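Undergrad: Here it is, the structure, as structure tokens.
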Amino acid sequence: FATLKQSSQSGAPLYLQLRKSIEDAVNRGLIGPGDALPSERDIASKADISRVTVRKAVQDLVKGGILVQRHGSGTFVAPRMERVEQSLSRLTSFTEDMARRGMVVRSAWLDRGLYAPSPDEMMVLGLSSNELVARVARLRIANDTPLAIERAALSASVLPDPAGIGSSLYAALEMTGNRPVRAVQRISAANLGDDDARLLEVPPGIAGLHIERISYLASGKVIEFTRSIYRGDAYDFVAELRLS
Ligand code: GLP
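Here's what the structure looks like:
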């Protein structure tokens, strides 16, 4: 990180000089996707500038999507995102989709439990006010890159123990004979709010995709009502169209 040393001759503000040095280091491959940046204190002392200046440069690069900050573990060069091409005509699970691409899937729990249903959950899942809804909310991660936030709601009678689903909701449903066979999926554009952007490790305000899936059993009964936010910079949804 000697390259981060500031040239005192240049008239540009120090934080801009530092920002450019870091950007150059990333572009020239001196630090690659996923690499940790030295601590604020180390950069400040090596470049002989204040920590406030370092913070300002780093914040700028986080906003621009060049760096990502992870709570408790530091600042990293943003992983290079290869876009995921996702078919719109097959009813698959996140785990299956990623496993097929050879990606390592992981989820972080955001919520799981039984709750009194909201009016839209009651309507979609056909619940009455004295029944409970099972909510399963997860950050879905593939190869260490967070790709989506998924909030699923099911009747508590099908999923009495939401914490017990393991790593795949569809695998858990399959075991009880409740795997959906049909779904209607609605995709709309949504700019990411601050909280979602932080979880997805992208700058707030970038484009996201809001995806709602209502899926059905062969009997026609609704089994799943899931609302998700996918990273707009990571997904291409593809459907084959035929002249019928
Ligand atoms: C997809 C769908 C969700 C579904 C999930 C199940 O991502 N958009 O509606 O709940 O797959 O995935 P898994 O079985 O990996 O938990």
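998 is the number of the first residue of the sequence shown in the numbering used here; add one for each residue after it. Heads up, the beta-carbon is just placed ideally off N, CA and C, and yes, glycines get one too. Keep in mind that this is a model prediction, so the values were computed, not measured.
1. Measure the alpha-carbon distance for G1031 versus H1068 and round it to whole angstroms.
2. To the nearest angstrom, report how far apart N1024 and A1231 are at their CA atoms.
3. Please name the residue in T1092, G1174 and V1130 whose C-alpha comes closest to that of I1138.
4. Note down, in chain order, each residue of its chain lying with its Cβ closer than 6 Å to the Cβ of R1210, except the 5 sequence neighbours on either side.
5. Please list, in chain order, all residues with a C-beta atom less than 5 Å from at least one heavy atom of ligand 1.
6. Just checking my contact of I1226 with I1146 at CB under 8 Å: how many whole Å lie between their CB atoms?
7. Apart from the five residues on each side of it in sequence, which residues of its chain come closer than 7 Å, Cβ to Cβ, to E1118?
8. Pick out whichever of A1009, G1161, S1084 and L1088 has its Cα sitting closest to the Cα of T1050.
9. Could you tell me whether the Cβ atoms of G1071 and L1034 are closer together than 8 Å?
10. Quick one: grab the DSSP three-state call for E1147.
11. Considering I1184, what are the terminal residues of the alpha helix (DSSP H) in which it resides?
12. Do you know whose CA, among G1161, K1043 and R1148, lies nearest D1108's CA?
13. Quick check: the Cα distance between R1048 and Q1014, rounded to an integer number of angstroms?
14. Look at the Cβ atom of L1122, then the Cβ atom of V1219, and state whether they are nearer than 8 Å.
15. For A1131, report the span of its beta strand (DSSP E) as first-last.
16. Using 8 Å as the Cβ pair cut-off and three pairs as the minimum, do the stretch 1165-1180 and the stretch 1075-1087 touch?
17. Quick one: Cα of R1016 to Cα of A1215, how far?
18. For E1128, which option in G1229, P1114, A1236 and A1054 has the closest C-alpha, if you only look at C-alpha atoms?
19. What is the DSSP secondary structure of T1092, reduced to helix, strand or coil?
20. I need the boundaries of the beta strand (DSSP E) containing T1223, first residue and last residue.
21. Taking 8 Å as the cut-off, decide whether the C-beta atoms of I1028 and L1058 are in contact.
22. CA-CA distance, P1200 and L1238?
23. Would you mind working out which of E1082, I1162 and G1163 sits nearest A1236, comparing C-alpha positions?
24. With 16 as the cutoff for other CB atoms within 10 Å, does P1159 come out buried or exposed?
25. Rounded to a whole number of angstroms, what is the C-alpha to C-alpha distance between A1054 and D1021?
TA: So, from the data block:
1. Translated into the one-based positions of the sequence shown, residue 1031 becomes position 34. Translated into the one-based positions of the sequence shown, residue 1068 becomes position 71. One C-alpha to the other measures close to 15 Å.
2. Mapped onto the sequence shown, residue 1024 falls at position 27. Mapped onto the sequence shown, residue 1231 falls at position 234. Answer to the nearest angstrom: the Cα atoms are 20 Å apart.
3. Walking along the sequence shown from the start, residue 1138 turns up at place 141. For the residues T1092, G1174 and V1130, the minimum Cα distance to I1138 belongs to T1092.
4. Indexing the sequence shown from 1 puts residue 1210 at position 213. Within the same chain, R1210 has close Cβ partners A1180, Q1182 and T1223.
5. For ligand 1, the residues with a Cβ under 5 Å from any of its heavy atoms are, in chain order, S1090, F1091, T1092, A1149, S1165, L1166, Y1167, R1210 and T1223.
6. By 1-based counting over the sequence shown, the position of residue 1226 is 229. By 1-based counting over the sequence shown, the position of residue 1146 is 149. With 8 Å as the limit, I1226 and I1146 qualify as a contact, their Cβ atoms being about 5 Å apart.
7. In the sequence shown, residue 1118 corresponds to position 121, counting from 1. Around E1118: L1124, V1130, A1150 and F1222.
8. Here residue 1050 is taken as the residue at index 53 of the sequence shown, counted from 1. Taking only the C-alpha atoms, the option nearest T1050 is A1009.
9. Taking the first residue of the sequence shown as position 1, residue 1071 is located at position 74. Taking the first residue of the sequence shown as position 1, residue 1034 is located at position 37. At a Cβ-Cβ threshold of 8 Å, G1071 and L1034 count as neighbours.
10. Translated into positions along the sequence shown, residue 1147 becomes position 150. Three-state DSSP puts E1147 in a strand.
11. Stepping through the sequence shown from its first residue, residue 1184 is reached at position 187. From DSSP, I1184 is part of no alpha helix (DSSP H) but of the beta strand (DSSP E) over R1179 to N1188.
12. One-based indexing of the sequence shown puts residue 1108 at position 111. Nearest in C-alpha terms to D1108, of all of G1161, K1043 and R1148, is R1148.
13. Taking the first residue of the sequence shown as 1, we reach residue 1048 at position 51. Taking the first residue of the sequence shown as 1, we reach residue 1014 at position 17. Distance between the alpha carbons of R1048 and Q1014: 14 Å.
14. For the purposes of this step, residue 1122 is taken as residue 125 along the sequence shown, with counting starting at 1. For the purposes of this step, residue 1219 is taken as residue 222 along the sequence shown, with counting starting at 1. Contact: yes.
15. Numbered from 1 along the sequence shown, position 134 holds the residue referred to as residue 1131. Where A1131 is concerned, the enclosing beta strand (DSSP E) stretches over V1130 to A1139.
16. Three or more Cβ pairs closer than 8 Å define a contact, and the stretch 1165-1180 falls short of that threshold against the stretch 1075-1087.
17. In the sequence shown, the residue the question calls residue 1016 occupies position 19. In the sequence shown, the residue the question calls residue 1215 occupies position 218. Going from the Cα of R1016 to the Cα of A1215 covers about 56 Å.
18. Numbered from 1 along the sequence shown, position 131 holds the residue referred to as residue 1128. For the options G1229, P1114, A1236 and A1054, the alpha carbon positioned closest to that of E1128 is the one of P1114.
19. To locate residue 1092, count along the sequence shown from 1; it is residue 95. Here DSSP, grouped into helix, strand and coil, assigns T1092 to helix.
20. In the sequence shown, the residue the question calls residue 1223 occupies position 226. Looking at the DSSP string, the run of the beta strand (DSSP E) that includes T1223 is V1219 to R1228.
21. For the purposes of this step, residue 1028 is identified with residue 31 of the sequence shown, where counting begins at 1. For the purposes of this step, residue 1058 is identified with residue 61 of the sequence shown, where counting begins at 1. Cβ atoms of I1028 and L1058: not closer than 8 Å.
22. Counting from one through the sequence shown, the residue named residue 1200 turns up at place 203. Counting from one through the sequence shown, the residue named residue 1238 turns up at place 241. Computed Cα separation, rounded: 34 Å.
23. Translated into positions along the sequence shown, residue 1236 becomes position 239. That would be E1082, whose Cα lies nearest to the Cα of A1236.
24. Here the question's residue 1159 lines up with position 162 in the sequence shown. Under this definition P1159 is a buried residue.
25. Along the sequence shown, read from residue 1 onward, the residue named residue 1054 stands at position 57. Along the sequence shown, read from residue 1 onward, the residue named residue 1021 stands at position 24. Going by the C-alpha atoms only, they are around 13 Å apart.
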